[in-house]
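Mapping the sequence shown onto UniProt numbering, position 29 (from 1) lands on 29, and the numbers just tick up by one. Even glycine gets a Cβ: it sits at the ideal position worked out from N, Cα and C. Report on the structure given below.
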Amino acid sequence: MTQLMQKFKIATRVWAILVLSIVAMGALAILSFFTIRESLKDARTLSISFVLQSAHSVITYYHDLEKQNKLSREEAQSQASIALEKMRFDGGNYVYIITNDGDMLVNATFPRDKLGANFWALEDINGVRIIQELVEGVESKEQVEVLYSWPRVKGDEPTEKLGIARKFSDWQWVIGSGIYVDDLNAASFDKLKVLILEFLIIVAILIGVAVLVINSIKRPLERTTLAMKELATGDADLTKKIAVSGNDELSELANAFNAFSAQIGEIIKQTNCVVKQLIASSENLKETSKQTYSSIDTQSSETLGLATAMNEMVFTSQEVARHTEETAEATNEAELLTKQSHSVVDEIVLNISALAQEVDEISETIGKVVTSSNEIDTVLEVIKSIAEQTNLLALNAAIEAARAGEAGRGFAVVADEVRQLAKKTQDSTEEIYNIIKNLQTGSNEASQAMRRGVDKARKTTDSSGRADEALKAMNSSIIRIRGMSVQIATAAEEQSSTAEGVNKSTITINDATVIFKEAIAGIEETANSISSSTCDLNELICRFKV
């Protein structure tokens, strides 16, 4: 809404407010007309309601006399009718009574011969069934209103009339009366004329005030606008001031503009000084940027040389690391071979030790065999001695048997068998003895050979132990060589990594140097632009008079 209002000029807005106010007051006047008319109507209706209430009270009075048996119904109704027929209000208005069937019982304007007639079908010129609507209306309401048309005097044109009625249930009567509405319209139009006159006076006053307000706003605003336009063109005289008279918002605006103009003048003075300093500074900046550009160019060349050297150093470090890795691989293989040789030597030593132990055991067994063979010799000597004695005994027995003759023939045969058995035993013993001798000789030779083998096994074990010690020493040396190779490889890798880092940093420095050169060139260009813009700004500032 604010943006919409800002599309119109202030005078247009004021006139719009005035027009809206006039329209609102016109609408209020029209509303007041209808309100006054309704108020007059309500007042008349209220007065008729009071009259009907009075008539109802009169009928109630005579009805009470009927209930007290002081009067009959006919007498009570007749006296009530006479009393109501005489009732007048508002200079001629009257009260009438009809039955629920539409029979007219009391009406001051009717001839006597028409009283008692039925007017149920009575209609006005618009077709409103007056009596029927009144009677039917009081059946559901205490008081009913019906608007219809009826002439004031017979033969005149019908005019609008408001009929009002209420019911007296005990006698089946409907008490009614009415007022003409045209006099209400006349009274309302009289009030409306006064309202229109007041409205026109107020409108004239509002128009005069609006003109004064518009001029009081428009003229100072035009002066302020003109001053602002002059300021906007860039050729303004900041020493001029807007004339101020008054304490309203426009006066405050003019004072604020004067203060703003003075402040702008002061700012332009200071800006002029700053512009001169800025011109000098831009010249110094251009000179400094040229010197800096030359230094950066030299630094860029040196940085490129450093980057080349670092690349060569990185390549050399990588070669050293590669050869060191090959050496480490060779030492790993040598270490593996020495470990395998050490395992083989250990296995040989174990086998030789086991062999020597077995040879010792065999030598001991052979010794036991020799000992047993010696014991067998002893047994054989005993057996041989027994065989010789047996042979001797058999010989003696044979001699004795021969002496005995026939009696000793059987004994001689036995003695001969015993002697032959002893001979065989002796021969077997001799043969066993020879075998034992051969066994003893072989056992001694085997025992000596075993001893020589044990000696050689021990010497071989000693040699294997020395070889194992040599392999252990070789393995230790290989481990040290591998450790040194790892250290060399690590150092070479660290050197290569460091060199690469230095190389990257050098490249970064070189890139930064290139960017810095471009920035310096940009600074120089900016300095030239600042110098040019400053000169333009100085020309613009000189256009203001301060």
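For residue i and residue j, I'd like the C-alpha separation in whole angstroms.
i: T12; j: R223; result: 19 Å
i: K86; j: A108; result: 8 Å
i: R452; j: N438; result: 21 Å
i: N374; j: R466; result: 43 Å
i: V209; j: A187; result: 33 Å
i: A473; j: T490; result: 25 Å
i: T390; j: T378; result: 18 Å
i: G102; j: E142; result: 18 Å
i: D42; j: F189; result: 17 Å
i: E417; j: Y433; result: 24 Å
i: D427; j: A402; result: 26 Å
i: S282; j: Q487; result: 59 Å
i: L28; j: I36; result: 12 Å
i: N284; j: L278; result: 10 Å
i: I202; j: K154; result: 46 Å
i: M228; j: K191; result: 54 Å
i: Q79; j: K193; result: 48 Å
i: I130; j: N100; result: 13 Å
i: L134; j: V211; result: 59 Å
i: R166; j: D64; result: 19 Å
i: S295; j: I509; result: 14 Å
i: N396; j: Q448; result: 49 Å
i: I30; j: Q132; result: 35 Å
Starting from residue i, trace the alpha helix (DSSP H) in both directions and tell me its first and last residue.
i: R73; result: 73 to 85
i: residue 569; result: This structure cannot settle anything about residue 569, because the visible part of the chain is limited to 1 through 546.
With respect to the beta strand (DSSP E) encompassing residue i, which residues constitute its N-terminal and C-terminal limits?
i: Q143; result: 143 to 150
i: I179; result: 173 to 180
i: K161; result: 159 to 168
i: V153; result: No beta strand (DSSP E) contains V153, which DSSP labels as neither H nor E.
i: V106; result: 104 to 106
i: T99; result: 96 to 99
Given a threshold of 16 other Cβ atoms within 10 Å of its Cβ, counted over all protein chains shown, does residue i qualify as buried or as exposed?
i: V514; result: exposed
i: Y61; result: exposed
i: L350; result: exposed
i: R219; result: exposed
i: S301; result: exposed
i: F34; result: exposed
i: Q172; result: exposed
i: A55; result: buried
i: R419; result: buried
i: V275; result: buried
i: R112; result: exposed
i: G137; result: buried
i: I205; result: exposed
i: I97; result: buried
i: A412; result: buried
i: I399; result: exposed
i: I242; result: buried
i: Q77; result: buried
i: V23; result: exposed
Taking C-alpha atoms, which residue in the options lies nearest to residue i?
i: E445; options: E358, L52, G367; result: G367
i: D297; options: V14, V135, E381, A521; result: A521
i: T429; options: A401, A412, G405, S385; result: S385
i: Q507; options: L304, K161, Q53; result: Checking the displayed sequence, the identity of residue 507 turns out to be Ile instead of Gln. Taking only the C-alpha atoms, the option nearest I507 is L304.
i: E139; options: S169, N185, S81; result: S169
i: A280; options: A24, M25, V23, T534; result: T534
i: G116; options: S81, T308, I130; result: S81
i: N215; options: D536, K504, I10; result: I10
i: E493; options: R322, K269, A259; result: R322
i: G163; options: R480, K339, I207, V51; result: V51
i: I217; options: K193, A83, V244, D182; result: V244
i: Q357; options: N255, L134, K456, K67; result: K456
i: E160; options: N185, I59, E136; result: N185
i: K286; options: S531, L40, T271; result: S531
i: E518; options: E266, V146, L221, T292; result: T292
Using a threshold of 8 Å, is the CB atom of residue i nearer than that to any non-hydrogen atom of the ligand FMN?
i: G367; result: Ligands are entirely absent from the displayed structure, and the ligand FMN is therefore not among its contents.
I want to see whether chain C comes within less than 9 Å of residue i, judged by CB atoms only; does it?
i: A354; result: Among the chains of the structure shown, chain C does not appear; only one protein chain is present.
**OP:** Would you check if the segment 117 to 127 and the segment 138 to 158 touch, i.e. whether three or more CB-CB distances between them fall below 8 Å?
**Re:** Contact annotation: the segment 138 to 158 touches the segment 117 to 127, with at least three C-beta pairs closer than 8 Å.
Original post:
Should the segment 175 to 184 be regarded as contacting the segment 92 to 100, the criterion being three or more beta carbon pairs within less than 8 Å?
Top reply: When Cβ pairs closer than 8 Å are counted between the two stretches, the segment 175 to 184 is seen to touch the segment 92 to 100, the count reaching three or more.
Subject >> Segment contact, 8 Å Cβ cut-off, at least three pairs: the segment 67 to 79 with the segment 183 to 200 >> reply: In this structure the segment 67 to 79 does not lie against the segment 183 to 200, because fewer than three pairs of beta carbons, one per stretch, are closer than 8 Å.
Original post:
When the Cβ atoms of the segment 41 to 58 are set against those of the segment 14 to 27, are three or more pairs found closer than 8 Å?
Top reply: Judged by Cβ distances under 8 Å, the segment 41 to 58 makes no contact with the segment 14 to 27, as fewer than three pairs qualify.
**OP:** Assess, as a yes-or-no matter, whether the segment 421 to 431 is touched by the segment 390 to 406 under the definition of 3 or more beta carbon pairs within less than 8 Å.
**Re:** With contact defined as three or more Cβ pairs closer than 8 Å, the segment 390 to 406 and the segment 421 to 431 are in contact.
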